[in-house]
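Quick notes on the structure that follows.
Number of protein chains: 2
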Amino acid sequence: MKPTIRDVANLAKVSISTVSRVMNAPDSVVESKRTRVLDAIEKLKYQPNALARGLIYKKTNTIGVVIPDIRNAYYADVLRGMEDAADKRGFSLIISNMDRDRKRLFSYLNTFYEKQVDGILYTSDSVFPDYYNELNRLKMPIVLVATHSMEYELPSVKIDDEQAAYDAVKFLIENGHRKIAMIGFELSDNISGLPRYQGFLRALREYDLESCKDNVVFANGWTYDALVVAESLIEKCPDVTAVFCAVDEFAIGLLSCLHERGVKVPDDISVMGFDNIRMARMTIPKLTTVAQPMYEIGQRAAEKLIARIEGQDDPVLREYLPHGIVVRASTRRLER
Amino acid sequence: MKPTIRDVANLAKVSISTVSRVMNAPDSVVESKRTRVLDAIEKLKYQPNALARGLIYKKTNTIGVVIPDIRNAYYADVLRGMEDAADKRGFSLIISNMDRDRKRLFSYLNTFYEKQVDGILYTSDSVFPDYYNELNRLKMPIVLVATHSMEYELPSVKIDDEQAAYDAVKFLIENGHRKIAMIGFELSDNISGLPRYQGFLRALREYDLESCKDNVVFANGWTYDALVVAESLIEKCPDVTAVFCAVDEFAIGLLSCLHERGVKVPDDISVMGFDNIRMARMTIPKLTTVAQPMYEIGQRAAEKLIARIEGQDDPVLREYLPHGIVVRASTRRLER
DNA sequence: CTGAAAGCGCTAACAG
DNA sequence: CTGTTAGCGCTTTCAG
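Taken in order, these protein sequences are the chains called L and F. Residues 1 to 336 (the numbering used here) make up the first sequence, in order. Residues 1001 to 1336 (the numbering used here) make up the second sequence, in order.
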């Protein structure tokens, strides 16, 4: 049996309240008893039961994290950021991978509720009305990570995906490309999907390249295979000079397909990715991509959530972190 | 305030014990009251407090997971496997990334203990004596994932890394390679590190190629950069015909360096990886590698742990799952 | 079948 | 300063 506060009290020959005190307000206990208690704790290797504490404080120092698909390389750093921030403030993370399945999401939210997590980090998926209702019913602090919601007043932290995609496409255009295509992600995804597609469209519009707007192929979340979408894009738009990919993995798949077909990158086609995952530095050629501060997004989100949990006020609802373009070797300037 | 069992009882005009009964032994309550209670639960959206329950049952349906470095692409699938198996049995996962820092490990183990997790999944790091003592002190069921321990009687599930590495190198040798090198992982790591190196050595020994045994370069966990180790290997052993990499990411880095230097793969050098991460299908050329069933390892480990938690007996202590070699395009047969 | 009461491990008044 | 007591939300005897 694990030792309880009672065991410590008995061994130290004090009441349980005294033991409780040396743990929570050591100064309120006379030295002699305090050391006796400390000795007993040490001897018994006593550690307080967080369940009992949680029951009283109504606080568990635990955060529930929801992730749509943990296989996306993107999350590793986001999670590290969350974890580091949480750890620093004494919180643990319960991580749930919903595999893009709404039934699982709801079931996980229930579990979070029952386990009395103090708040929720909801990652990169859209907040649909029924999700919102559920989230709202739980009445728990929540922050959206790498996603946001314009319909609802939910705090969030992410980059400006539309703007970043716009910047990427603009970069291609300013490098002389006029025939541009895109490998997008399903539009129902309101982070890698819709906004990045919208940024693409805005850049086209701004530079009178709207003829390119159908040069797009979309991958579906639950079946996506970068090689397959890449193939279909090549079939669909054989004569483009540049392709913007909504996710680095699509770009890597495209690089592979292009190579198979003997198409040279960047000589024949420029390829641009999005996310700047670690592998992006090792592709052949090295991938030009949009960098987003994944670690910081996770970190900031966790800090923001904890601030809300602890009732500190947090004036900005929707936070946007800066993005950048990392120019490597998969794109080139097109001479006219 | 969240509704409690008392609120339900009041609304349904029964005692709290009755409410408790409809949740745990519905048949022991007469229909009329049962429906009244059910209605009240529905109306109040009542959900029991898992803390209070855990306090009584001494069970939280929560598993603590320790991971050395979540950035390793390898873990995504292992975690999915764990998660799916855990979810199926009604367990949640608290995931902690120790970033290869033993202080963090100890601190996380304490948290697990205080939060009364029912068991621990300890992933891919060696079990040093002080770790073992700590683990042992907690007296919690534990299973080692993608690692094992010969010194201690701890249950584990993994592939046979030494044998897999041996098979990989043997494959190279049987394809005519005689000058073979290896990019290894620090030997203190007893999964990707030592055993894979030992497998390499055994193959060399068996085929009288011991002259190759110094063609090795090791990456360090906390600073590893695949491109840097790859560079150093090329410097050290410029005239080998094949390189076995202990981790796919090293192979990908090597592919990149080799390409930079104009060395053709597999024409000039064959490259072999280990793990078969998703990206391995998209490299240029596509990577020949050792496949390990990551999802299944995670799944099996979680099942094994839960079985132990629930007191079922589990005859095999150390489980080994099958591995395989996936031959793609980064290796070639060397004609003599 | 059902309610009252005790108790899981801990904290927080409240007296003393 | 310290012990006693009540109670966090729930389950489980134990009577009735």
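Backbone N, C-alpha and C define an ideal beta-carbon position, used for all residues, glycine too. This structure is a prediction, so every number in the text was calculated from the model and none was measured.
Beta-carbon proximity check, Val1243/F vs Ala1181/F, cutoff 7 Å | Yes.
Answer yes or no: does any C-beta atom of chain L fall closer than 7 Å to that of Leu998/F?
-> Here chain F comprises residues numbered 1001 to 1336, so residue 998/F is not present and cannot be evaluated.
From which residue to which residue does the alpha helix (DSSP H) around Asn136/L run?
-> From DSSP, the alpha helix (DSSP H) with Asn136/L extends over 129-138.
Got a sec: which bits of the region 104-125 of chain L sit with their beta carbon under 9 Å from any beta carbon on chain F, in order along the chain?
-> Residues Arg104, Ser107, Tyr108, Asn110, Thr111, Phe112, Tyr113, Glu114, Lys115, Gln116.
Name the chain F residues that come within less than 8 Å of Gly273/L, Cβ to Cβ?
-> The premise fails here: Gly273/L is roughly 12 Å from chain F at the closest Cβ pair, so nothing lies under 8 Å.
Do you know whose CA, among Ala25/L, Arg34/L, Glu114/L, lies nearest Tyr1046/F's CA?
-> Minimum Cα distance to Tyr1046/F is reached at Glu114/L.
Whole angstroms is fine: what's the gap from Met1023/F's alpha carbon to Asp125/L's?
-> So the two alpha carbons sit approximately 33 Å from each other.
Check whether the Cβ atoms of Ala226/L and Glu249/L sit closer than 7 Å, and answer yes or no.
-> When the beta-carbon positions are compared, Ala226/L and Glu249/L come within less than 7 Å of each other.
For Ile120/L: DSSP bridge partner residues = Looking at the DSSP assignment, Ile120/L forms a beta bridge with Gly64/L, Ile142/L.
Selected residue, minimal CA-CA separation from Glu1083/F, among Ile1306/F, Tyr1320/F, Val1327/F | It is Ile1306/F whose Cα lies nearest to the Cα of Glu1083/F.
Which residues share a DSSP beta bridge with Asp275/L?
-> Looking at the DSSP output, Asp275/L bridges to Ala291/L.
What are the partner residues of Val1108/F, as DSSP defines its beta bridges?
-> The sequence given here places Tyr at residue 1108/F; Val does not occur at that position. For Tyr1108/F, which the question treats as bridged, DSSP gives no partner whatsoever.
Report the rounded CA-to-CA distance for Leu317/L versus Glu153/L, giving the unit in angstroms.
-> Rounded to whole angstroms, Leu317/L to Glu153/L spans 8 Å at the Cα level.
Residue from Asp1160/F, Lys1033/F, Gly1324/F with nearest C-alpha to Thr1018/F = Ranking the options by Cα distance to Thr1018/F, first place goes to Lys1033/F.
Contact set between Pro1048/F and chain L, taken where Cβ atoms lie within less than 9 Å | Chain L residues near Pro1048/F: Glu114.
So which residues on chain F does Glu83/L lean against when the C-beta distance must stay under 9 Å?
-> Chain F residues near Glu83/L: Ile1070, Ile1095, Ser1096, Asn1097, Asp1099.
Go through its chain and collect everything with a Cβ distance to Ile70/L's Cβ below 6 Å, but skip five positions before and after it.
-> Closer than 6 Å at Cβ, skipping near neighbours: Asn97.
Close-in-space but distant-in-sequence residues of the same chain around Phe1171/F (CB under 7 Å, 5 per side omitted) | Once the five neighbours on either side are set aside, the close Cβ partners of Phe1171/F are Ile1325.
The alpha helix (DSSP H) spanning Tyr320/L covers which residue range?
-> In this chain, Tyr320/L is not harboured by any alpha helix (DSSP H); it is covered by the beta strand (DSSP E) spanning 318-321.
Find the nearest neighbour of Leu1287/F within the set Gly1273/F, Asp1118/F, Ser1028/F, judged by alpha-carbon distance.
-> If we check each option's Cα against that of Leu1287/F, Gly1273/F comes out closest.
Scan the region 1292-1303 of chain F for residues whose Cβ lies nearer than 8 Å to a Cβ of chain L and list them as they occur along the chain.
-> For the region 1292-1303 of chain F, the set of positions with a beta-carbon nearer than 8 Å to some beta-carbon of chain L is empty.
Does the beta carbon of Met1140/F sit closer than 7 Å to a beta carbon anywhere in chain L?
-> Judged by the 7 Å Cβ criterion, Met1140/F is not in contact with chain L.
Bridge partners of Ile180/L, per DSSP?
-> Looking at the DSSP assignment, Ile180/L forms a beta bridge with Ala242/L.
Pairwise C-alpha distance: Met279/L and Asn133/L | Their backbone Cα atoms lie some 39 Å apart in a straight line.
Figure out for me which residue from Asp313/L, Ser232/L, Pro48/L, Ser188/L has the closest Cα to the Cα of Gly221/L.
-> For Gly221/L, the nearest C-alpha among the options comes from Ser188/L.
Give a yes or no on whether the minimum CB-CB distance between Ala1076/F and chain L is below 7 Å.
-> So yes, Ala1076/F belongs to the interface.
Could you have a look at Lys1158/F and say whether DSSP puts it in helix, strand or coil?
-> Lys1158/F: strand per DSSP, three-state reduction.
Anything in the region 1252-1270 of chain F with a Cβ closer than 8 Å to a Cβ of chain L? List those residues in chain order, please.
-> Listed by position, the residues of the region 1252-1270 of chain F near chain L (Cβ gap below 8 Å) are Ile1252, Gly1253, Leu1255, Ser1256, His1259.
Can you name the residues of chain F whose CB is closer than 9 Å to the CB of Leu227/L?
-> Those within 9 Å of Leu227/L in chain F are Arg1281, Met1282.
DSSP on Phe1091/F, reduced to helix/strand/coil?
-> The answer is coil: DSSP assigns Phe1091/F none of H, G, I, E or B.
Within 7 Å (strictly less), CB to CB, does Ser28/L reach chain F?
-> For Ser28/L, no CB of chain F lies under 7 Å from its own CB, so it is not counted at the interface with that chain.
The region 52-64 of chain L contacting the region 106-122 of chain L, beta-carbon criterion three pairs below 8 Å | Judged by Cβ distances under 8 Å, the region 52-64 of chain L makes contact with the region 106-122 of chain L, as three or more pairs qualify.
How is the beta strand (DSSP E) around Ala1226/F delimited, first residue to last?
-> Looking at the DSSP string, Ala1226/F is not in any beta strand (DSSP E); the run it does join, the alpha helix (DSSP H), is 1226-1236.
Straight-line gap, Ile1094/F to Val1145/F (C-alpha atoms, nearest Å) = Rounded to whole angstroms, Ile1094/F to Val1145/F spans 15 Å at the Cα level.
Find the residues of chain F that neighbour Ala52/L, judging by a C-beta separation of less than 7 Å, and give them in chain order.
-> Think of a sphere of 7 Å around the beta carbon of Ala52/L: the chain F residues whose beta carbon falls inside it are Leu1055, in chain order.
Beta-carbon proximity check, Val1143/F vs Arg1300/F, cutoff 7 Å = Taking 7 Å as the cut-off, the Cβ atoms of Val1143/F and Arg1300/F do not count as close.
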